[in-house]
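Working notes, beginning with the structure itself.
Residue numbers (the working numbering): 155 to 1208.
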């Protein structure tokens, strides 16, 4: 196979560069370097355009016309040409050879890095193509005048062009008179010079019509001297923009392209040949070694990747214990799809933090292997995504954003562009409203695209048969864990091993060997300190607690009774962490963390801000912290393993622990490559002993559809979008679709009172009543053929991903806002962007409410009147007076939350705002994230309703403010996945002020200049910045090409 043609730039050295005295004029058409290739036989390369130069054009070189530091080169050419051409018996071939020899000797008198007036492009052609310039051994010439390939390498490409011209001159002189040859040379020359724009990767200049005759015409009217030709070529080269890549890098990319092509062919032929690395280029294996430290795959990973079902592109569900390496298999399958099958991929993950972590982790692969990584979480993501012409995209999305993305692809008839969908934590199908959204997404994929492969993975699956039937998938499972997990329970001071072979399921292991004083026994009746001190500080420990408050209490209690020696361990690093956390809070610091961190202990729950959580996670990963007291969300949301996991009680909140939750928490024990074994210890009170016996030996919970339980986010939302997307527009078609859902598979279990058809009928009628659909459902004939259509409100609701419970009230609020939208401040807009679903969790502090109310300007008080919160009501509430008039609590609470958001945008400091409103900083952080996401949904909602056009521009800016909630100058840095406010401030203060600064940063310099930044984190930040920059550049390029694309339906062209 022919090697891909690569444009390679020869680098020049700035040490010897000299500046031209004036800027070059804009080229009309510039000549480019000659196309040279490695010696081989074959056909000629494609013809190219000639440059058009005219007499009035400014001379770019002036008196300084040499490539290598003096003004003699062009003068030499002119003198030599005149000298040798005076002899009429000397043919042009000889002249060319002598000139060539003289030029060579002149060139080799200077170092190569003095060739710096212009960096020159050399085009390497494939082995089948013929060289543009060849040296014939039979030609009579002195030995030191012969051109070798190494000699050519040292020459600027404009000189190579000149030598090629001389070759043409010689052949012309043998066949005709000099005057006739000159005309032929002009035509040949115009054919052989390539437009420099054609070198640019991804450009489509080849498709544009060119007029080479005008170039030829220009040349005919100029004196035919070699000096002019050489000068013209040099001018073109000086103007031509060159690629910022080295020859070595281009050759490496050639090898990579070749391997991807071979792998693609192997997959298409479905042969047993799996290529260098599971059908992927060997570079993937190198990257896994460099970036992840993975030398070889586990045996089960190899077996899974070689499954016949995967080779045949069947859907697959696979299940392994936590920490078994499931994600790596998914990533290899993703790379096969992107590189070999050239299709886009969607990866659905449960939480925003995991999406951002995965974007950071895979950006390095995207940069090296040439695909894009796009983040779809919170308020980020384009709908529909940009259609890429060259690079393929990996969309990494939360459940909700993944659903919106699939909807947009179905609507634009691009769903078949999606070759693969990977779902992590597939058991989330059974998790309330989020499970319903995930089920809807997968059902739409199955129904609308027969070409999209679905891969689901989980550590906790039980009723796999139902899921297989739903996803039409094969199943693979394995009990492999890289580190053995030993499960224990502790009752009083005795530890028992979990052993299913014994009669009661537990076998005596040991007694705790730790002397407790009477005071310590009272403070720590569960012996947590004894369990912790067995492993720290050498190893790490996680303590899972039922509530957030319990996390803080346990962390405080443990550090109170630890010996002072624990303070010495990594003391400087702990001091740095405390400084960092203080800077995050602008000098304010949590008193509990201030007390616990010196002992290497911290708590971790949703009450922390994102910046605090990230700092604590990084410190734990680095071994600065050795104990985290955390809630169950850490087990599902962050990959932080430990040598020992302690479950403080078999409860999450007030609810008894589920088997899935227990397995996820216990599964965090044992770190691959570090620990030989992991231990989980569940602390049990005597009263819960029988419940715990059932827990540890019972099977995992079944996964059931939530479409019925979550009415407005479940089945009604599904029915509305089916009609809106025209996937199913009659009652009969909707019934057929419902059979493809998990609810359709489980209908006998979940819907005993009504049939699925009756449920669908009720749902459609409800949507018609709400004014979201138009049509008629026949009472007699359930399989009515009458077509349903969606209303503008219905379309706005599903495209904005608005909960159907709030769509009508949202419409009324926006309509009311149009009557008197107050824009003196953003208070009114913020009220409209405050999420409805957070009002039920809000309990206003009435004195704070009144204080905030009294600080409002006259215009802002008008907002309160418009939304329906009078000052008199707040005053009475604050003074404890009886209130006769009924007020809508939801509106009052929502306006209170709006005050919180208003303060946040003004102060941009979560700590100070949480203190001002007496709320936990985690709650304030969550409110901000939810408001940013809801504002994004609101924007899509308003785009579909013409009367709300005025909101669109306003909401774009507000969404941005809510997403980042920082000073404007930090926003470009915070666009990079995983860069939060504290890190953005560090980077900005160190001089990294733009995305381009970050993308071009040196990791070593970054580590040196930024405190608490590891080398791995620095590389991830740089890769993420490069990926984001690349994505933005690609988007602009797509826009340019779309604008310049010639329409196929121009009137009068057919």
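Here a beta-carbon is modelled for each residue, glycine too, at the ideal position from N, C-alpha and C.
Would a C-beta distance cut-off of 8 Å place residue i and residue j closer than the cut-off?
i: residue 472; j: residue 611; result: yes
i: residue 1187; j: residue 513; result: no
i: residue 613; j: residue 821; result: yes
i: residue 629; j: residue 461; result: no
i: residue 808; j: residue 855; result: no
i: residue 777; j: residue 636; result: no
i: residue 679; j: residue 802; result: no
i: residue 746; j: residue 710; result: yes
i: residue 615; j: residue 580; result: yes
i: residue 849; j: residue 811; result: yes
i: residue 941; j: residue 883; result: yes
i: residue 626; j: residue 665; result: no
i: residue 498; j: residue 572; result: yes
i: residue 1053; j: residue 1015; result: no
i: residue 595; j: residue 557; result: yes
i: residue 548; j: residue 492; result: yes
CB-CB under 7 Å to residue i, same chain, minus the five flanking residues each way: which ones, in chain order?
i: residue 496; result: 546
i: residue 623; result: 899
i: residue 766; result: 735, 738
i: residue 1083; result: 532
i: residue 242; result: Model confidence at residue 242 stands at a pLDDT of 44, short of 50, so the residue's coordinates are unreliable; what they give is reported in the following sentence. Answer for residue 242: no residue qualifies.
i: residue 819; result: 698, 786, 789, 799, 801
i: residue 410; result: 435, 437
i: residue 971; result: 982, 986
Give the range of the beta strand (DSSP E) segment to which residue i is assigned.
i: residue 508; result: No beta strand (DSSP E) holds residue 508; the alpha helix (DSSP H) holding it covers 506-523.
i: residue 663; result: 660-665
i: residue 697; result: 695-698
i: residue 501; result: 498-502
i: residue 784; result: 781-784
i: residue 473; result: 469-473
i: residue 548; result: 547-551
i: residue 801; result: 798-801
i: residue 643; result: 638-645
i: residue 683; result: Careful: residue 683 lies outside any beta strand (DSSP E), inside the alpha helix (DSSP H) at 682-687.
i: residue 528; result: 526-530
Let's see if you can read the secondary structure: which residues bound the alpha helix (DSSP H) around residue i?
i: residue 1111; result: 1103-1118
i: residue 831; result: Careful: residue 831 lies outside any alpha helix (DSSP H), inside the beta strand (DSSP E) at 831-838.
i: residue 948; result: 946-953
i: residue 1066; result: 1064-1070
i: residue 1171; result: 1169-1198
i: residue 629; result: Note, residue 629: premise wrong, no alpha helix (DSSP H); beta strand (DSSP E) at 627-631.
i: residue 1002; result: 1000-1008
i: residue 1210; result: Outside the shown range of the chain, which is 155 to 1208, sits residue 1210, and nothing can be said about it.
Can you list, in chain order, the residues of its chain with a C-beta nearer than 6 Å to that of residue i? Leave out the 5 residues immediately preceding and following it.
i: residue 763; result: 1064, 1075, 1079
i: residue 192; result: With a pLDDT of 39 at residue 192, under the threshold of 50, the modelled position of this residue cannot be trusted; read the value that follows with caution. Nothing listed; no residue qualifies.
i: residue 445; result: 518
i: residue 825; result: 795
i: residue 632; result: 454, 474
For residue i, which residues of its own chain have a beta-carbon under 8 Å away from its beta-carbon, when the five flanking residues on both sides are left out?
i: residue 891; result: 597, 601, 876, 881, 882
i: residue 754; result: 690, 691, 720, 723, 724, 728, 778, 779, 780, 781
i: residue 502; result: 551, 552, 553, 556, 575, 576, 577, 578, 592, 595
i: residue 1013; result: 976, 978, 979
- How about the region 951-963 and the region 1089-1100: do they share at least three Cβ pairs that are nearer than 8 Å? Between the region 951-963 and the region 1089-1100, the count of Cβ pairs shorter than 8 Å is three or higher; the stretches touch.
- Query: On the three-pair Cβ rule with 8 Å, is the region 514-531 touching the region 560-571?
  - Reply: Segments in contact, no.
- Message: Pairs of beta-carbons, one from the region 824-838 and one from the region 632-640, closer than 8 Å: are there three or more?
- Response: Yes, the region 824-838 is in contact with the region 632-640.
- Query: Is the region 1108-1116 close to the region 981-993, with three or more CB pairs under 8 Å?
  - Reply: With the cut-off at 8 Å, the region 1108-1116 and the region 981-993 touch.
- Quick one: complete alpha helix (DSSP H) runs, 4+ long, within the region 1019-1106? Within the region 1019-1106, the runs of alpha helix (DSSP H) at least 4 residues long that lie entirely inside it are, in chain order, 1025-1033, 1043-1061, 1064-1070, 1075-1097.
- Can you check the region 554-614 for any beta strand (DSSP E) of at least 3 residues that lies completely inside it and give the ranges in chain order? Scanning the region 554-614 from its first residue to its last, the whole beta strand (DSSP E) runs of 3-plus residues come out as 572-578, 607-612.
- Counting pairs of beta carbons, one from the region 913-924 and one from the region 839-856, are three or more of them closer than 8 Å? Result no; under three Cβ-Cβ pairs closer than 8 Å.
- Message: Would you call the region 539-556 in contact with the region 1185-1204, where contact means no fewer than 3 C-beta pairs closer than 8 Å?
- Response: By the Cβ rule, the region 539-556 counts as touching the region 1185-1204, because three or more pairs are nearer than 8 Å.
- Could you name each continuous alpha helix (DSSP H) segment of 4 residues or more that falls completely within the region 886-932, going from the start of the chain to the end? The region 886-932 contains these whole alpha helix (DSSP H) runs: 896-899, 901-904, 910-923.
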